[in-house]
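Enquirer: In my numbering, the protein residues as written are 13 to 225.
1. To the nearest whole angstrom, what separates the beta carbons of residue 155 and residue 138, a pair I think is in contact under 8 Å?
2. State the DSSP-derived secondary structure class of residue 93, mapped to helix, strand or coil.
3. Would the segment 108–121 and the segment 138–148 be scored as touching if the rule is three or more Cβ pairs under 8 Å?
4. Select from 81, 82, 125, 75 the residue whose C-alpha is nearest the C-alpha of residue 242.
5. Have a look at 47, 114, 166 and flag the residue whose alpha-carbon is nearest the alpha-carbon of residue 95.
6. Tell me whether residue 120 sits in a helix, a strand or coil according to DSSP, three-state version.
7. Measuring CA to CA, which of 170, 172, 193 is closest to residue 129?
8. Buried or exposed: which applies to residue 50, given that a residue is buried once 16 or more other Cβ atoms fall within 10 Å of its Cβ?
9. So what's residue 107 in DSSP terms, helix, strand or just coil?
10. If you check the beta carbons only, do residue 151 and residue 215 fall under 9 Å apart?
11. Is the segment 95–104 in contact with the segment 59–73, if contact means three or more CB pairs nearer than 8 Å?
12. Out of 205, 169, 134, which has the shortest C-alpha to C-alpha gap to residue 158?
13. Considering only the beta carbon of each residue, do residue 88 and residue 43 sit closer than 9 Å?
14. Output the distance between the C-alpha atoms of residue 118 and residue 169, rounded to the nearest integer angstrom.
15. Would you kindly work out how many angstroms separate the C-alpha atoms of residue 174 and residue 127, rounded to a whole number?
16. Under 7 Å Cβ to Cβ from residue 121, same chain only, skipping five residues before and after it: list those, please.
17. According to DSSP, is residue 171 part of a helix, a strand, or is it coil?
18. Do residue 39 and residue 60 have their beta-carbon atoms positioned less than 9 Å apart in this structure?
19. Specify the secondary structure class of residue 63 as computed by DSSP and reduced to three states.
Here's what the structure looks like:
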């Protein structure tokens, strides 16, 4: 009897895990579809039904995971923030790179993240949410930890390599460049124009740091 109960419990546990895995897979697929479609078309032009169909799921499935359009948008922002957060955490400037070369390497990594599809999608969702005050406040609240992580990422990689005041000033310049470049892409600026502006900003930043070292 005891053995039968153990087998039944084991079977129940496997079923539960299988259901949880399927649910997690469905949710991840919905988020991937939502992010891609919203990035391609914009929030206003993307319906919940289209997202469900793109993920090969029913409208009922999307409502099971996300009770409203706003909840889906916030979940998409969280997912994108998590991806960018992992990118910050996984990168460190090599120990052998020092001084101005270290600032350059760090700036180049930020530039790569700035023009990544995930970063553009985040700014697109933030921009689109501004028409809804409640949604805007919630999305901005979600962004604060990522902005703080960016600051920690910059400081961690430059601490002890250049003077502290230069770390802070170069951080603010790079952060504003990143935000501005992302918004420029949403405003349909050409890639060539954005690339040139970021390249010019890089030159000016490195010269600014160089003359103060």
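C-beta: ideal position from N, C-alpha, C; glycine also.
Expert: In short:
1. As a first step, residue 155 is located in the chain shown; it is residue number 143 there, counting from the start. As a first step, residue 138 is located in the chain shown; it is residue number 126 there, counting from the start. Contact flag correct, Cβ pair sits at about 7 Å.
2. Numbered from 1 along the chain shown, position 81 holds the residue referred to as residue 93. Secondary structure of residue 93 (DSSP, three-state): helix.
3. No, the segment 108–121 is not in contact with the segment 138–148.
4. Because residue 242 is not part of the residues shown, which for the chain are 13 to 225, the question remains open.
5. Residue mapping note: residue 95 aligns to position 83 of the chain shown, counting from 1. For residue 95, the nearest C-alpha among the options comes from 47.
6. As a working mapping, residue 120 is identified with position 108 in the chain shown. Under the three-state reduction of DSSP, residue 120 is assigned to helix.
7. Here residue 129 is taken as the residue at index 117 of the chain shown, counted from 1. Looking at the Cα atoms, 193 is the closest of the given residues.
8. Counting from one through the chain shown, the residue named residue 50 turns up at place 38. With 16 or more other Cβ atoms from the protein chains shown falling within 10 Å of its own Cβ, residue 50 counts as buried.
9. As a first step, residue 107 must be located in the chain shown, where it is residue number 95. DSSP places residue 107 outside both helix and strand once states are collapsed to three, so it counts as coil.
10. The residue you call residue 151 lines up with position 139 of the chain shown. The residue you call residue 215 lines up with position 203 of the chain shown. Between residue 151 and residue 215, the C-beta spacing is not below 9 Å.
11. No, the segment 95–104 does not touch the segment 59–73.
12. Mapped onto the chain shown, residue 158 falls at position 146. Of the candidates 205, 169, 134, the one whose C-alpha sits nearest the C-alpha of residue 158 is 134.
13. Taking the chain shown and counting its residues from 1, one reaches residue 88 at position 76. Taking the chain shown and counting its residues from 1, one reaches residue 43 at position 31. Going by C-beta atoms, residue 88 is nearer than 9 Å to residue 43.
14. The residue given as residue 118 occupies position 106 in the chain shown. The residue given as residue 169 occupies position 157 in the chain shown. Taking the straight line from one Cα to the other gives about 8 Å.
15. Taking the first residue of the chain shown as position 1, residue 174 is located at position 162. Taking the first residue of the chain shown as position 1, residue 127 is located at position 115. Using only the alpha carbons, I get a separation of about 27 Å.
16. For the purposes of this step, residue 121 is taken as residue 109 along the chain shown, with counting starting at 1. Cβ neighbours of residue 121 within its own chain (closer than 7 Å, five residues either side excluded): 103.
17. As a first step, residue 171 must be located in the chain shown, where it is residue number 159. In the displayed model, residue 171 falls within a strand according to three-state DSSP.
18. Taking the first residue of the chain shown as 1, we reach residue 60 at position 48. Taking the first residue of the chain shown as 1, we reach residue 39 at position 27. No; because the gap between Cβ atoms is not below 9 Å, this pair is not in contact.
19. Here residue 63 refers to the residue found at position 51 when the chain shown is read from its first residue. In the structure shown, residue 63 sits in a helix (DSSP, three-state: H, G or I).
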